[in-house]
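The structure appears below as structure tokens.
Residue numbers (this note's numbering), protein chains in the order written: chain A, 82 to 506; chain B, 3 to 194.
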């Protein structure tokens, strides 16, 4: 129940509330229009946060600091590896965001000073901020698998950050001999894009079935189960019988060592000589988050889920894969986090109450060009914890018709078009 | 201030605050839909419907039908189950408030006449003014994505589609050929 100490406050609230109700800006506090927000990282979380801040408060100074002049999307990058699309499908520029008045700075962030509220970039420029949004994605844990250091990724690509690595793996798949063996090493949870390794296996197997029918994909897994497992296994049986083998951790799937010189992959139960090795290393919050003390190395950033403000540093909100959260590390989750963080920052600046956060995740995987599967999650905040709403969400049915599968593949493409247009359009 | 006036003012304030809270809840919930349906519901994907500016009661009814499993879907049924009536109302109000923007899409001139004839015969009674009207809480067909309309009409005709569409649409679409559907869809794509 809201109480007012004097008549002026009361009338102020009344007039502001009327304006809000009729959708007329500005609201009674203009602190939002004068604020400066620095967003670090222009991916699925950061680009959306910058855009939504600017849409809500055109007067606000929104600075987006991003390493690369073009963004290359991880979602849908398996389509390039399977030969169904080129890199142009994944590549986006920031021009439209700049046109909206967001200041783009292409540089690496070197430090965040949470006390002084300053972000320093490599060129030496410093930016003061009222709020900082950190959306750095993931960092790889090199050498956790013996022999898999950063240099090894030039021979055994991870292709888990899209760009040259995606092209390298795609080329290796194209160049493989007929009868070749591809090993995908999948990490333990949590990691970016939980269904990604299994969708990738489908894309590669689909290519082999068409062009190199004697070749095979072996997934060596650190885990006992994985996202959408039953649906993937059904899809493998239907489309790729004999092409894909999945080995769980307990059955000797955990990769302990690789030798890029001899293209050998070692597990506790033996070794495999491969033609192409795709090592997806285990991950933690992106480097700048660790450097700023928002998470320990190899770990994820704890946040308050009502606002996505860091539990460690005030006025810093963390989004996307870097967050310690029960939500899957997906593009859609990052998009959803961004909107909650933006609403919280606006509410704080406008001195308005927080609206309960709404968080969702939708994720499509393509098993074949006409066979899509999906998972959906609706989350709610209960006593500070994010939990899925009972009875909602879940995966596509196992007994679905071919028409249902075809529609999900069609929707996957429209989903990608919509979410990327929302970011960069 | 008299007591009566004070009470009235409190009532007004309460109402306005309640509306305001619902507006903010609406954008908070509605924004989560944008990842699939586009910014403020203005879909950029040709098989996802534009939901910006649709009649509130159409959206509300569709979401409730998805939730109850009356309206067939791939993913919407799973999503709609996550929301109570109040949340669905807030989402519906949010999208109804947005501006309808027809899709920028090409159309096939050669089938427009056939499409228009079919529209007059089958659809105009409900989807008035060449499908632009939102009267009777109908969604506009004119300017809607052709990909979405094609899927909608095709699933209406598909007896194997687990939970069928509203009865009226099912009986109207049942005997349409693929060519009929294509012509109708092109006609709506040509209308703005």
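Glycine included, each C-beta is placed from N, C-alpha and C at the ideal position.
query                                                                                                                                                                         : result
Taking only three categories from DSSP, how would you classify residue 186 (chain A)?                                                                                         : strand
Would you kindly work out how many angstroms separate the C-alpha atoms of residue 298 (chain A) and residue 385 (chain A), rounded to a whole number?                        : 41 Å
Could you check whether the Cβ of residue 80 (chain B) sits closer than 9 Å to any Cβ belonging to chain A?                                                                   : yes
So residue 313 (chain A) packs on residue 448 (chain A), CB below 8 Å; how close in whole Å?                                                                                  : 7 Å
Looking at the secondary structure, which residues open and close the beta strand (DSSP E) in which residue 128 (chain B) lies?                                               : Counting along the chain, residue 128 (chain B) falls outside any beta strand (DSSP E), and DSSP gives it neither H nor E.
Need the endpoints of the alpha helix (DSSP H) that residue 405 (chain A) sits in, please.                                                                                    : Per DSSP, residue 405 (chain A) belongs to no alpha helix (DSSP H) and is neither H nor E.
Mind the definition here: the segment 109-119 of chain A touches the segment 154-167 of chain A only if three or more C-beta pairs lie below 8 Å; say whether that holds.     : no
Give me the DSSP bridge partner(s) of residue 165 (chain A).                                                                                                                  : Residue 165 (chain A) is not bridged to any residue.
According to DSSP, is residue 279 (chain A) part of a helix, a strand, or is it coil?                                                                                         : helix
Would you tell me roughly how many angstroms separate the C-alpha atoms of residue 88 (chain B) and residue 63 (chain B), rounded to the nearest one?                         : 13 Å
Going by alpha carbons, who is nearest to residue 214 (chain A) out of A:265, A:274, A:147?                                                                                   : A:147
Anyone know if the C-beta pair for residue 397 (chain A) and residue 428 (chain A) falls short of 9 Å?                                                                        : no
May I ask you to list the residues that DSSP assigns as paired with residue 352 (chain A)?                                                                                    : A:347
Short of 6 Å in beta carbon distance, which residues of its chain neighbour residue 504 (chain A), apart from the five on each side in sequence? Order them along the chain.  : 128, 129
Express the C-alpha separation of residue 240 (chain A) and residue 178 (chain A) in angstroms, rounding to a whole number.                                                   : 27 Å
List the residues of chain A that residue 38 (chain B) touches, going by C-beta distances under 7 Å, in chain order.                                                          : 443, 496, 499
Starting from the N-terminal side, write out each stretch of the beta strand (DSSP E) that is 3 residues or longer and does not extend beyond the segment 461-494 of chain A. : 466-469
If you pair each beta-carbon of the segment 341-358 of chain A with each one of the segment 184-194 of chain A, do three or more pairs fall below 8 Å?                        : no
Going along the chain, which residues of the segment 46-74 of chain B sit with their C-beta nearer than 7 Å to a C-beta in chain A?                                           : 46, 47, 48, 49, 50
Can a CB atom of chain B be found closer than 9 Å to the CB of residue 120 (chain A)?                                                                                         : no
Going along the chain, which residues of its own chain have a beta-carbon closer than 6 Å to the beta-carbon of residue 117 (chain B), five neighbours each way excluded?     : 185, 186, 188, 189
Which residues, in chain order, does the segment 407-426 of chain A contribute to contact with chain B at a C-beta distance below 7 Å?                                        : 413, 416, 417, 420, 424
What residue from A:339, A:295, A:327 has the CA that sits closest to residue 310 (chain A)'s CA?                                                                             : A:327
Among A:453, A:135, A:176, A:330, which one has its Cα closest to the Cα of residue 149 (chain A)?                                                                            : A:176
For residue 32 (chain B), which residues of its own chain have a beta-carbon under 7 Å away from its beta-carbon, when the five flanking residues on both sides are left out? : 93, 96, 97
Buried or exposed: where does residue 463 (chain A) fall if 16 or more other Cβ atoms within 10 Å of its Cβ makes it buried?                                                  : exposed
In terms of alpha-carbon separation, which member of A:332, A:339, A:321 lies closest to residue 25 (chain A)?                                                                : There is simply no residue 25 (chain A) to check, as chain A begins at 82 and stops at 506 in what is shown.
Ignoring anything shorter than 3 residues, give me the beta strand (DSSP E) runs that lie fully in the segment 47-132 of chain B, in order along the chain.                   : none
Is residue 523 (chain A) helix, strand or coil when you go by DSSP?                                                                                                           : The requested residue 523 (chain A) is not part of the displayed model; chain A covers only 82 to 506.
Using DSSP with H/G/I as helix, E/B as strand and the rest coil, what is residue 172 (chain B)?                                                                               : helix
For chain B, is any of its Cβ atoms less than 9 Å away from the one on residue 208 (chain A)?                                                                                 : no
Is the beta carbon of residue 418 (chain A) closer than 9 Å to that of residue 124 (chain A)?                                                                                 : no
At 4 residues or longer, what runs of the alpha helix (DSSP H) sit wholly inside the segment 248-313 of chain A?                                                              : 277-292
Just to confirm the assignment, what range does the beta strand (DSSP E) spanning residue 177 (chain A) have?                                                                 : Element bounds for residue 177 (chain A): not the beta strand (DSSP E) but the alpha helix (DSSP H), 176-180.
Any beta carbon from chain A within less than 9 Å of residue 132 (chain B)'s own beta carbon?                                                                                 : no
In the DSSP output, what is residue 196 (chain A) paired with across the bridge?                                                                                              : Residue 196 (chain A) is not bridged to any residue.
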